[in-house]
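Novice: Residue numbers (the working numbering): 13 to 435.
Mind having a look at this structure? Questions to follow.
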Ligand SMILES: NC(=O)c1ccc[n+]([C@@H]2O[C@H](COP(=O)([O-])OP(=O)(O)OC[C@H]3O[C@@H](n4cnc5c(N)ncnc54)[C@H](O)[C@@H]3O)[C@@H](O)[C@H]2O)c1
């Protein structure tokens with residue numbers, strides 16, 4: 013099937029790269045967002061999000077006329093839904109954005125159109141929730157129009173390359189929908205395109221992220237056991253991983269971001285009776301900041317009145333994304349325990365976080381500290397020179413929650429050194 017015009021709903025980290033990549037391959041793309049600020053920013057040739065290379069790509073797409081930004085969908089050959097699927101306070105999936113995006117397509121849906129859902133969604137969403145909404149148009153899914161689910165697996169920081177190179181799964185509500193989905197994505201995808209059914213495709217995405225979550229949880233639990241038994245978990249993991257079939261991940265202060273810490277709950281919600289491991293995994297990873305705080309309290313002989321510089325706040329190394337970050341949770345818990353925290357995030361030095369005092373540079377963060385906590389393994393933090401740091405802080409205790417620093421170097425510079433999970 014030929015695609016002359018497509019409509020991408022949701023212009024965030026997934027939708028905007030997708031829309032502009034299609035546009036750069038000669039397709040006429042209408043990029044739709046309900047947030048008027050996003051629409052006006054993009055219409056002015058500016059960007060509301062940061063992703064390496066994206067600004068150049070979007071601006072070229074806009075200049076070429078192939079990418080148009082709008083606040084409403086319009087008739088097109090294909091519609092791609094890439095809107096958020098966060099969770100509600102009780103951890104249930106918030107599908108309201110997906111539902112309203114699907115509803116907004118209804119008046120524009122025509123026979124032989126293709127609709128693709130990319131948003132991470134609970135199993136059976138495409139069949140049980142999206143198809144009935146789209147059928148309000150009077151057309152029947154699988155008979156009059158094609159409908160598929162295709163999960164997005166890109167890594168923030170490398171989205172533009174991975175969008176093109178990663179293997180892509182396309183799950184149709186029927187085989188024809190998957191085939192037509194392949195016609196669409198092969199416009200730019202160079203990785204393998206793997207066809208399946210819609211519910212399998214939804215499960216694949218959730219299984220991938222849950223698998224990561226479970227494996228990080230076991231590493232975190234090992235870090236707690238190591239302390240109990242006077243073992244250095246990092247050395248133990250290194251030696252265990254010499255086993256040809258073992259690959260234990262790294263412990264740390266927890267799991268954050270808007271994917272791995274969210275998506276497993278979609279499976280728990282969909283089948284609570286079948287997911288004790290996944291639920292426990294979430295609880296283990298969510299409680300890891302408490303373990304960091306307890307370990308730091310032990311190292312400092314209590315937290316009340318202690319001044320602690322928390323270095324790094326993002327949810328993982330070398331990004332600026334603060335969503336669901338365990339480093340932020342750790343900083344809040346330290347405050348709650350009576351410590352006085354000054355935090356510093358090198359990738360977002362001017363961030364504001366309610367309830368936390370933030371410094372806009374490293375020197376301000378450490379100048380009055382009793383202890384330094386390395387909470388995120390950002391490259392510039394990992395490569396700090398302890399002999400330089402010892403000149404700008406009165407702190408003589410460092411706690412490394414991510415195994416980012418070399419113990420001997422910090423000790424040689426006069427610091428008492430503690431590491432998460434090290435005996
Ligand atoms: N960001 C990632 O790395 C990543 C990776 C894999 C999967 N995902 C999944 O992709 C989906 C989108 O994530 P994101 O990071 O791009 O989200 P985002 O928050 O960056 O962007 C979503 C955009 O959708 C817009 N929107 C909301 N409702 C809309 C509607 N009804 N019509 C049109 N636009 C609407 C919002 O205003 C926002 O600009 C989510 O389900 C997410 O879990 C994200």
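Note that the Cβ used here is the ideal one computed from N, Cα and C, for glycine as well.
The model shown is predicted, which means the values in this text are computed figures rather than measured ones.
Just mark residue 199 as buried or exposed, buried being the case when its beta carbon has 16 or more other beta carbons within 10 Å.
Specialist: Around the beta carbon of residue 199, fewer than 16 other beta carbons sit within 10 angstroms, so the residue counts as exposed.
Novice: For residue 405, name the three-state secondary structure that DSSP assigns.
Specialist: Per DSSP, reduced to three states, the secondary structure at residue 405 is coil, with no helix or strand assignment.
Novice: Out of 432, 116 and 301, state which residue places its alpha-carbon closest to the alpha-carbon of residue 311.
Specialist: The candidate whose alpha carbon is nearest that of residue 311 is 432.
Novice: Are the segment 121-134 and the segment 303-310 in contact at 8 angstroms, needing three or more beta carbon pairs?
Specialist: Short answer: they don't touch.
Novice: Among 98, 97, 93 and 133, whose alpha-carbon lies nearest the alpha-carbon of residue 115?
Specialist: 93
Novice: If you draw a straight line from the C-alpha of residue 234 to the C-alpha of residue 48, how long is it?
Specialist: 47 angstroms
Novice: Pull up the distance between the alpha-carbon of residue 419 and that of residue 428, whole angstroms please.
Specialist: 9 angstroms
Novice: Given residue 353, which residues of its chain have a CB within under 6 angstroms of its CB, disregarding the five upstream and five downstream residues?
Specialist: 320, 322, 343, 346 and 347
Novice: Under the assumption that residue 368 contacts residue 355 (Cβ atoms under 8 angstroms), give the Cβ distance between them as a whole number of angstroms.
Specialist: 6 angstroms
Novice: Tell me where the beta strand (DSSP E) around residue 80 begins and ends.
Specialist: 79-82
Novice: Can you round the beta-carbon distance between residue 374 and residue 407 to whole angstroms, since I take them to be within the 8 angstroms contact cut?
Specialist: In this structure residue 374 is not in contact with residue 407, their Cβ atoms being roughly 12 angstroms apart against a cut-off of 8 angstroms.
Novice: Between residue 203 and ligand 1, is the CB less than 6 angstroms from at least one heavy atom?
Specialist: no
Novice: Going by beta carbon distance, what residues of the same chain come within less than 8 angstroms of residue 69, once the five residues before and after it are set aside?
Specialist: 29, 32, 33, 36 and 172
Novice: Below 6 angstroms CB to CB, which residues in the same chain sit around residue 91 once its five sequence neighbours on both sides are set aside?
Specialist: 19, 117 and 127
Novice: Tell me whether residue 281, by its Cβ, gets closer than 6 angstroms to a heavy atom of ligand 1.
Specialist: No.
Novice: Cβ of residue 22 versus every heavy atom of ligand 1: is any distance shorter than 6 angstroms?
Specialist: yes
Novice: Three-state secondary structure (DSSP) at residue 310?
Specialist: helix
Novice: Among residues of its own chain, excluding the 5 on either side of residue 197, which ones have a beta-carbon nearer than 8 angstroms to its beta-carbon?
Specialist: 162, 180, 182 and 205
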